[in-house]
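The block underneath contains the structure these notes are about, expressed in structure tokens.
Number of protein chains: 2
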Amino acid sequence: MPLRRSALQSGPTKPEAGHTPSRGATREQVDAAIRAGLLTGRFIPGKAVTIRGLATELGVSPMPVREVLQRLAAENALEVKPNGRVQVPDMTPARFDEVLKARLLLEPELAELALPHLTPGDAGNLQSIDNDIDDRLISGDAEAYMRLNHAFHFSIYRASGSKVLLPLIDSLWLQFAPFMRTVYGRVGTASLVDRHKEAIRAVELRDKEALRSAIAADISEGMGLLGKEILAGT
Amino acid sequence: MPLRRSALQSGPTKPEAGHTPSRGATREQVDAAIRAGLLTGRFIPGKAVTIRGLATELGVSPMPVREVLQRLAAENALEVKPNGRVQVPDMTPARFDEVLKARLLLEPELAELALPHLTPGDAGNLQSIDNDIDDRLISGDAEAYMRLNHAFHFSIYRASGSKVLLPLIDSLWLQFAPFMRTVYGRVGTASLVDRHKEAIRAVELRDKEALRSAIAADISEGMGLLGKEILAGT
DNA sequence: AGCAGGATTTTGTGATCACAAAATGACATG
DNA sequence: CATGTCATTTTGTGATCACAAAATCCTGCT
Chain X
1 MPLRRSALQS GPTKPEAGHT PSRGATREQV DAAIRAGLLT GRFIPGKAVT
51 IRGLATELGV SPMPVREVLQ RLAAENALEV KPNGRVQVPD MTPARFDEVL
101 KARLLLEPEL AELALPHLTP GDAGNLQSID NDIDDRLISG DAEAYMRLNH
151 AFHFSIYRAS GSKVLLPLID SLWLQFAPFM RTVYGRVGTA SLVDRHKEAI
201 RAVELRDKEA LRSAIAADIS EGMGLLGKEI LAGT
Chain D
235 MPLRRSALQS GPTKPEAGHT PSRGATREQV DAAIRAGLLT GRFIPGKAVT
285 IRGLATELGV SPMPVREVLQ RLAAENALEV KPNGRVQVPD MTPARFDEVL
335 KARLLLEPEL AELALPHLTP GDAGNLQSID NDIDDRLISG DAEAYMRLNH
385 AFHFSIYRAS GSKVLLPLID SLWLQFAPFM RTVYGRVGTA SLVDRHKEAI
435 RAVELRDKEA LRSAIAADIS EGMGLLGKEI LAGT
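The listed protein sequences derive, respectively, from chains X and D. Our numbering applies: residue 1 is where the first sequence begins, and numbers increase by one. Our numbering applies: residue 235 is where the second sequence begins, and numbers increase by one.
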């Protein structure tokens, strides 16, 4: 086997020695790798993803990949077709509307719940992430933009300590991210707008309503307008 | 092994002949069995659930059970502890508040989306389910009540044809159902109230707002009041 | 009796195998 | 050249195995 460079492996591979690292570590590694790949759009919707393929790509046995694929299918991040093939589900207008609606219902709510837990230090981190985003936008690095945008939102949401709403939102992001990647591939990243600055100010001022509307506007303008346009032209 | 009567198997077991039924059929069977068990409260929160145990109980190999458990863990219906053990997560006040909030955000919305698709025939089905529920309430059959109450709500929600909101709500029900079972075990079923009648009338009249508030009231009165009371006393 | 400590069993995890279904490709036929 | 057919390969699925960690049980001591 030629050991080709994988698009999923960012750092050097781990299995240096035969020692088992810890309980379920391999599965978590595989899970993190595939999740990150989905969130940054490295999987193309409609393209089949094979168990053995990912397994050899990640240098593990098919077993942990099988389990992770089932997990992601349960979160509707992947779709198991009746023949057993697994693929990233392709976006439909109906699905898009639903994801948008769900995001608008849940994300402002969770941001509000997180607000009391956000420290001035967190606001600083958000500021720094947003600066990175601006850099990536002008350099046109869509993959890095998606990773940072995810980091921005979830830095807020995670502060809530939520164990229910957060996983739901997680599932939503996994569902729309691969599609948005294809959108950015068409319209580029230069025209992207967000409401991150308003959100940061709202966090600094601890203004509940301002944060809600910043998040809501970020969603409907950033995702809503762009996506509708693309889906209409298909 | 004495082949004890399983609490999960309702009918006679299937694997009569060695013929493979169809693609992934075993997994679906296992998935349906465990899901139904969770929704009717046949699993006790905090009690560990073992792969091999379920496997022999269902008469299958551990493999499909492993995958299904991973799926359900991804939906937060089960919890994988750091040692790998899998159990039904026990309810905490914080978790309960979040589930309640999420239900109130999502379920009235999906009911409204479903309303245009609900026919007079559907209203009749709802009526018949609700009649069954009333019978079970006075006879005190908590397990049947939970199954029918689930059927009532999801008969509405499924009509929406939703592929995003519906799975999210599915996940929520799997999370609170086992806890509610313990609640019914304490307070009995005679005192349960619901807003099903109002919901049915709203469906018949195609009254959007009436349906929303019927569902919302059903949630906050049926689940909210009962749960708060129990959690406060723990 | 209470309890620590070690042996035994149980359990999850990752790997591999066998099999059937599906996808793929080659090839012959119209 | 298009098209249907058949052989080959790939793929998912379920089962089984080996191993280590965890839990459980038993025993012997104070």
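Beta carbons are placed, not taken as given, at the ideal position from N, Cα and C, and that holds for glycine.
* Asked: For glycine 11 (chain X), does the three-state DSSP call read helix, strand or coil?
  -> Low per-residue confidence applies at glycine 11 (chain X): pLDDT is 41, beneath 50, and the placement is therefore not dependable enough to give any value.
* Reference alanine 424 (chain D), options D:Ser295, D:Ile372, D:Val264, closest by Cα -> It is D:Ile372.
* To do: Give a yes or no on whether the C-beta atoms belonging to proline 412 (chain D) and leucine 272 (chain D) are separated by under 8 Å.
  => In this structure, proline 412 (chain D) sits near leucine 272 (chain D), with a CB-CB distance shorter than 8 Å.
* So, is the C-beta of serine 162 (chain X) closer than 8 Å to a C-beta in chain D? -> Cβ-Cβ to chain D under 8 Å: yes for serine 162 (chain X).
* Is the stretch 93-100 of chain X close to the stretch 150-160 of chain X, with three or more CB pairs under 8 Å? -> No: fewer than three Cβ pairs fall under 8 Å.
* Asked: Taking C-alpha atoms, which residue in X:Thr56, X:Asn76, X:Leu126 lies nearest to arginine 158 (chain X)?
  -> Answer by Cα proximity: X:Leu126.
* Can you tell which of D:Ala336, D:Thr274, D:Thr353, D:Glu301 has the C-alpha that lies nearest to the C-alpha of threonine 284 (chain D)? -> Measuring from the Cα of threonine 284 (chain D), the nearest candidate turns out to be D:Glu301.
* Status (buried if at least 16 other CB within 10 Å, exposed otherwise) for alanine 33 (chain X) -> By the neighbour-count rule (16 or more Cβ atoms within 10 Å), alanine 33 (chain X) is buried.
* Asked: Is there at least one Cβ from chain D nearer than 8 Å to arginine 52 (chain X)'s Cβ?
  -> At a cut-off of 8 Å between C-beta atoms, arginine 52 (chain X) does not count as an interface residue with respect to chain D.
* **Where the alpha helix (DSSP H) containing threonine 260 (chain D) begins and where it ends** => Looking at the DSSP string, the run of the alpha helix (DSSP H) that includes threonine 260 (chain D) is 259-273.
* **Uninterrupted alpha helix (DSSP H) stretches inside the stretch 164-199 of chain X (no shorter than 4 residues)** => As far as the stretch 164-199 of chain X is concerned, its whole alpha helix (DSSP H) runs of at least 4 residues are 165-187.
* To do: Consult DSSP for alanine 466 (chain D) and reduce its assignment to one of helix, strand or coil.
  => In this structure, alanine 466 (chain D) counts as helix in the three-state DSSP scheme.
* To do: Counting only runs of 4+ residues fully inside the stretch 80-104 of chain X, write out the alpha helix (DSSP H) ranges in chain order.
  => Taking 4 residues as the shortest admissible run, the stretch 80-104 of chain X contains no complete alpha helix (DSSP H) segment at all.
* Asked: Is alanine 235 (chain X) helix, strand or coil by DSSP?
  -> Limits of chain X in this structure are 1 at one end and 234 at the other, which puts residue 235 (chain X) out of reach.
* To do: List the endpoints of the continuous alpha helix (DSSP H) containing methionine 63 (chain X).
  => Unbroken alpha helix (DSSP H) run through methionine 63 (chain X): 62-74.
* To do: Give the secondary structure of alanine 48 (chain X) by DSSP, where H, G and I count as helix, E and B as strand, and everything else as coil.
  => Alanine 48 (chain X): strand per DSSP, three-state reduction.
* To do: Can you give me, in chain order, the residues of the stretch 170-200 of chain X that have a beta carbon less than 8 Å from any beta carbon in chain D?
  => So the list reads Ser171, Leu172, Gln175, given in the order they occur along the chain.
* Members of the stretch 86-114 of chain X near chain D, C-beta cut-off 8 Å -> Going along the stretch 86-114 of chain X in chain order, one finds Ala94, Arg95, Glu98, Val99, Lys101, Ala102, Leu105, Leu106, Glu109 with a Cβ nearer than 8 Å to chain D.
* Determine, using beta carbons only, whether asparagine 310 (chain D) comes closer than 8 Å to chain X. => The beta carbon of asparagine 310 (chain D) falls within 8 Å of a beta carbon belonging to chain X, placing the residue at that interface.
* Please name the residue in X:Gln29, X:Gly41, X:Glu75, X:Pro116 whose C-alpha comes closest to that of glutamate 209 (chain X). => Per the Cα distances, X:Pro116.
* To do: On a CA-only basis, which of D:Val333, D:Val264, D:Ala376, D:Met297 is nearest serine 454 (chain D)? Give me that one, please.
  => Among D:Val333, D:Val264, D:Ala376, D:Met297, the Cα nearest to that of serine 454 (chain D) is on D:Val333.
* Between the Cα of arginine 42 (chain X) and those of X:Val203, X:Leu174, X:Ile215, X:Leu166, spot the shortest distance and give me the residue it belongs to. => For the residues X:Val203, X:Leu174, X:Ile215, X:Leu166, the minimum Cα distance to arginine 42 (chain X) belongs to X:Leu174.
* Asked: Which two residues bound the contiguous alpha helix (DSSP H) that contains leucine 371 (chain D)?
  -> That run of the alpha helix (DSSP H) goes 354-373.
* So, is glycine 193 (chain X) buried or exposed, given that buried needs 16 or more other C-beta atoms within 10 angstroms? -> At residue 193 (chain X) the sequence reads valine, which differs from the glycine that was named. Label assigned to valine 193 (chain X): exposed.
* Quick one: does leucine 292 (chain D) have its CB under 8 Å from some CB of chain X? -> Not one chain X Cβ lies under 8 Å of leucine 292 (chain D).
* Taking 8 Å as the CB-CB limit, is glutamate 28 (chain X) close to chain D? -> No, glutamate 28 (chain X) lies away from the interface with chain D (no Cβ there is under 8 Å from its Cβ).
* Asked: Between leucine 312 (chain D) and valine 322 (chain D), is the Cβ-Cβ spacing less than 8 Å?
  -> Cβ atoms of leucine 312 (chain D) and valine 322 (chain D): closer than 8 Å.
* For arginine 440 (chain D), name the three-state secondary structure that DSSP assigns. => Secondary structure at arginine 440 (chain D): coil, using DSSP grouped into helix, strand and coil.
* Look at the alpha carbon of leucine 58 (chain X) and the alpha carbon of arginine 35 (chain X), and state the distance between them as a whole number of angstroms. => So the alpha carbons of these two residues sit roughly 13 Å apart.
* Is there a Cβ from chain X that is less than 8 Å from the Cβ of asparagine 317 (chain D)? -> Asparagine 317 (chain D) counts as touching chain X.
* Three-way DSSP call (helix, strand, coil) for glycine 59 (chain X) in this model -> Residue state for glycine 59 (chain X) is assigned as coil, using DSSP reduced to three classes.
* From the beta carbon of glycine 258 (chain D), is the nearest beta carbon of chain X less than 8 Å away? -> Answer yes: the Cβ-Cβ gap between glycine 258 (chain D) and chain X drops below 8 Å somewhere.
* Could you tell me whether any Cβ in chain D is nearer than 8 Å to the Cβ of arginine 35 (chain X)? => So, not an interface residue.
* **Nearest to glycine 374 (chain D) (by Cα), restricted to the options D:Arg420, D:Pro342, D:Ala307** => If we check each option's Cα against that of glycine 374 (chain D), D:Arg420 comes out closest.
* To do: Output, in chain order, the set of chain X residues within a Cβ distance shorter than 8 Å of arginine 305 (chain D).
  => Here the neighbours are Gln70, Arg71, Ala73, Ala74.
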